[in-house]
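Residue numbers (this note's numbering): 2 to 99.
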């Protein structure tokens with residue numbers, strides 16, 4: 002299997018999560034790419050689209066829901082974004098800081 006990261010440098014994607022169907026989720030500082038088990042790129046999320054500039058962590062829960070802990074460094078903001086398996090934002094909330 003060969004993964005095509007398109008315009009992205011694969012070396013920038015340091016995190017990997019796998020859902021129950023075998024889909025692969027690779028994450029860089031600002032992007033998440035979802036690949037089918039055969040290697041086909043099916044979805045890309047750019048966290049900057051949602052007002053954040055970094056990804057702190059990510060997880061995949063049953064039914065392919067993606068959870069991203071995101072940061073906005075300039076305003077010292079942290080938030081959580083929850084997407085369904087089709088890439089639609091289901092919910093988001095900010096984590097209050099000190």
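All C-beta atoms, glycine included, are put in the ideal place defined by N, C-alpha and C.
Counting Cβ pairs closer than 8 Å, one from the region 12–32 and one from the region 60–68, do we hit at least three? yes
Work out the CA separation of residue 58 and residue 17 for me, nearest whole Å. 10 Å
Determine the closest residue to residue 31 out of 51, 96, 43 and 40, with distance taken between C-alpha atoms. 51
Less than 7 Å between the beta carbons of residue 1 and residue 56, yes or no? The requested residue 1 does not occur in the structure, where the chain is confined to residues 2 to 99.
Would you kindly work out how many angstroms separate the C-alpha atoms of residue 79 and residue 29, rounded to a whole number? 17 Å
At the level of alpha carbons, what is the spacing between residue 94 and residue 81? 5 Å
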